[in-house]
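Residue numbers (the numbering used here): 4 to 469.
In what follows, a structure is listed as structure tokens, so that the remarks can point back to it.
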Amino acid sequence: MRELLDANREVQGSRAMRLLATSNLAVYATLMERHLFDGLVGETELVVRLERDLEALGETGEPSGLALIKTWASQGWLHRVASGDRNVCYLTQDARRALDFVRGMRRNDTIATGGSINGIASRLKQVAIRVGDDPDRIRAGIEAEIAALHAELDELDAGTRPEPDVTAMYDEARAIAMQMERLITDIGLYGTMIEQATAALDDPIDTNVEYRDRQRQMYADYQAAWDSAGRDSHRAFLRMINDPDQRAEFEADIATVAATLPELDPALRKVMAGFFELVGHQIDEVERIQQRCAQRVKRFTAFGTLEQTRGVARQLNEAIGAARALLKESLTDSRLAIEVPLARHAISSVGALSFRINDLSAPKPAEPADGMVDLTTFSALATQVDAPALSQLLNSSLPVSLPEALGMLEAPYLGHVIVLWSWALKQPSTTDAEPVTVRFHSLDGHDREMEVPHLMFTEPVLDGAS
Numbered sequence: 004m005r006e007l008l009d010a011n012r013e014v015q016g017s018r019a020m021r022l023l024a025t026s027n028l029a030v031y032a033t034l035m036e037r038h039l040f041d042g043l044v045g046e047t048e049l050v051v052r053l054e055r056d057l058e059a060l061g062e063t064g065e066p067s068g069l070a071l072i073k074t075w076a077s078q079g080w081l082h083r084v085a086s087g088d089r090n091v092c093y094l095t096q097d098a099r100r101a102l103d104f105v106r107g108m109r110r111n112d113t114i115a116t117g118g119s120i121n122g123i124a125s126r127l128k129q130v131a132i133r134v135g136d137d138p139d140r141i142r143a144g145i146e147a148e149i150a151a152l153h154a155e156l157d158e159l160d161a162g163t164r165p166e167p168d169v170t171a172m173y174d175e176a177r178a179i180a181m182q183m184e185r186l187i188t189d190i191g192l193y194g195t196m197i198e199q200a201t202a203a204l205d206d207p208i209d210t211n212v213e214y215r216d217r218q219r220q221m222y223a224d225y226q227a228a229w230d231s232a233g234r235d236s237h238r239a240f241l242r243m244i245n246d247p248d249q250r251a252e253f254e255a256d257i258a259t260v261a262a263t264l265p266e267l268d269p270a271l272r273k274v275m276a277g278f279f280e281l282v283g284h285q286i287d288e289v290e291r292i293q294q295r296c297a298q299r300v301k302r303f304t305a306f307g308t309l310e311q312t313r314g315v316a317r318q319l320n321e322a323i324g325a326a327r328a329l330l331k332e333s334l335t336d337s338r339l340a341i342e343v344p345l346a347r348h349a350i351s352s353v354g355a356l357s358f359r360i361n362d363l364s365a366p367k368p369a370e371p372a373d374g375m376v377d378l379t380t381f382s383a384l385a386t387q388v389d390a391p392a393l394s395q396l397l398n399s400s401l402p403v404s405l406p407e408a409l410g411m412l413e414a415p416y417l418g419h420v421i422v423l424w425s426w427a428l429k430q431p432s433t434t435d436a437e438p439v440t441v442r443f444h445s446l447d448g449h450d451r452e453m454e455v456p457h458l459m460f461t462e463p464v465l466d467g468a469s
């Protein structure tokens, strides 16, 4: 019972369930299905579309188009990524699952049709014969299939082929179309699993034990994704899309079904017609997820190397502290000028080190510096930033806070932090929000943190501003 309760709580906390439980589901599902279900959309174009539809729907209580996009992204229903000189948006797998459920409820999808029981019985019989160990039944099944095929060939040669059962064909085509619609979403399951396997790698790590446990969990999650059915389906669809013969035959079958079954649901017909294009978008999404995960693993590994170096430094400091304590206890009455050999002679070594201990007490801890940071001393860092491109990216997302602006950059450096901070100080708006700690990539290859004020960009920044 406890395991079932925990599993249900995990489902309740998923992003797909949060979308289904929101009070604005009707508006959100309508806008997502109209503008985002077919793949990538430029953020500027999406803002214009959302503003136009919100005005047409008369939803005055909804936020603006840009605010709606930010809300969806923060809830995990929308991806916002930089592509060249612009931002693009597309739905997450959780949002697609929720939309699949909404469309099924809207169409009253059901597999309990007149021809479904016959199809189930036929396919179940084939599986039972193939997995069974009764030679007589296997032989009888094969001979029955051969006899049926010969009879069908004789009817075809005689020109007396009977008309197919239209009801059964519609039922089968509808079931196939619904399965294709679900497959379009499920093909990205492999990408979602590897995304979840690396999602915790960007969280702060305080101890070496925590780093070790997170590394082991990452490998376990990657192994689960590697052994999953999602990876097998991803590879199968990838092979089929890249095989021109299989793809041409599949597209011909879709065209035949669409032409001979005109009363098929228009939404399902659209899914069948655009099946390869929609699956291609999902495969592209898996590729983008793999790239993001590779960057996370790279940063995580680099942090482990840095933490190992810090561990060595801590051990050296502890050894030096123990040596000083020993000197304080046993050599207090001795002379302070002591020749201590440190290591074997090297080319640059003098063979010994002479030092004098003037104060045997522990050193005082460092104190934080007083005063404000003078950003003018970092003016040289502005030459490392593409100011025109940065200002265009900033102007396309107004209004936006300084931490959010840094979050839009894929790999911000210290130069980006300083330039955006200096621009934000010139903005007229002020805020009393607490400072925020942001991460940036140092030129020495390590990730670092800095606390910046919660300033707001409300007015456009001139292109190439210094």
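Think of the CB as a built atom: it goes at the ideal place given N, C-alpha and C, for glycine as much as any other residue.
{"query": "Simplified DSSP assignment, three categories, for L94", "result": "strand"}
{"query": "Beta bridge counterpart(s) of V441 as assigned by DSSP", "result": "M453"}
{"query": "P431 beta carbon less than 9 angstroms from that of P456", "result": "no"}
{"query": "Reduced DSSP category for G233 - H, G, I as helix; E, B as strand; rest coil", "result": "helix"}
{"query": "M108, buried or exposed, once every other Cβ within 10 Å from all chains shown has been counted against 16", "result": "exposed"}
{"query": "Cβ neighbours of D205 in the same chain (closer than 7 angstroms, five flanking residues each side left out)", "result": "R299"}
{"query": "Start-to-end residues for the alpha helix (DSSP H) that takes in S425", "result": "L417 to L428"}
{"query": "Burial state of G61 (16 or more Cβ within 10 Å)", "result": "exposed"}
{"query": "Collapsed DSSP secondary structure at L81 in the structure displayed", "result": "strand"}
{"query": "Buried versus exposed, by CB contacts within 10 Å (16 or more), H153", "result": "exposed"}
{"query": "From S425, A270, A228 and V282, residue whose alpha carbon lies closest to that of R250", "result": "V282"}
{"query": "Contact check, V420 vs M453, beta carbons under 9 angstroms", "result": "yes"}
{"query": "Per-residue burial, E6 [other beta carbons within 10 Å of its own, 16 or more giving buried]", "result": "exposed"}
{"query": "Per-residue DSSP class, three states only, for S400", "result": "coil"}
{"query": "Exposure label - G2; buried when at least 16 CB within 10 Å", "result": "Because the chain spans 4 through 469 in this model, residue 2 falls outside it and cannot be assessed."}
{"query": "In DSSP terms, what V44 is bridged to", "result": "C92"}
{"query": "Close-in-space but distant-in-sequence residues of the same chain around L409 (CB under 6 angstroms, 5 per side omitted)", "result": "P415 and V441"}
{"query": "Cβ contact (3+ pairs, closer than 8 angstroms) linking the region 224–241 and the region 184–197", "result": "yes"}
{"query": "Alpha carbon of L345 to alpha carbon of E321, nearest angstrom", "result": "Note on L345: pLDDT 46, under 50, position unreliable in the model; no value is reported."}
{"query": "Closest by C-alpha distance to R272, when choosing among A176, D56 and E48", "result": "A176"}
{"query": "Distance, S400 Cα to A390 Cα", "result": "16 angstroms"}
{"query": "Rounded Cβ spacing between S394 and L319 (contact assumed at less than 8 angstroms)", "result": "With a Cβ gap of about 46 angstroms, S394 and L319 do not count as contacting."}
{"query": "Spatial distance of V44 from T95 (CA atoms)", "result": "13 angstroms"}
{"query": "Backbone secondary structure at S67 - three-state DSSP", "result": "coil"}
{"query": "Exposure of V353, with buried meaning 16 or more beta-carbon neighbours within 10 Å", "result": "In this prediction, V353 has a pLDDT of 47, which is less than 50 and means its spatial position is unreliable; what the coordinates show is noted afterwards. Burial call: exposed."}
{"query": "Buried versus exposed, by CB contacts within 10 Å (16 or more), S26", "result": "exposed"}
{"query": "Strand pairing of M459, partner residues [DSSP]", "result": "S404"}
{"query": "R302 burial status per 10 Å Cβ neighbour count (16 or more: buried)", "result": "buried"}
{"query": "S445 burial status per 10 Å Cβ neighbour count (16 or more: buried)", "result": "exposed"}
{"query": "C-alpha gap between L241 and P247, whole angstroms", "result": "12 angstroms"}
{"query": "Same chain, Cβ closer than 8 angstroms to E290, neighbours up to 5 away in sequence not counted", "result": "none"}
{"query": "Opening and closing residue of the alpha helix (DSSP H) in which R164 lies", "result": "It is not in any alpha helix (DSSP H) - R164 carries neither H nor E in the DSSP assignment."}
{"query": "Burial state of M243 (16 or more Cβ within 10 Å)", "result": "exposed"}
{"query": "CA-to-CA distance, L34 to A24, given in whole angstroms", "result": "17 angstroms"}
{"query": "Cβ shell of V14 (< 8 angstroms), same chain only, five flanking positions each side left out", "result": "M20"}
{"query": "Nearest-angstrom Cα separation, counted from E288 out to V50", "result": "22 angstroms"}
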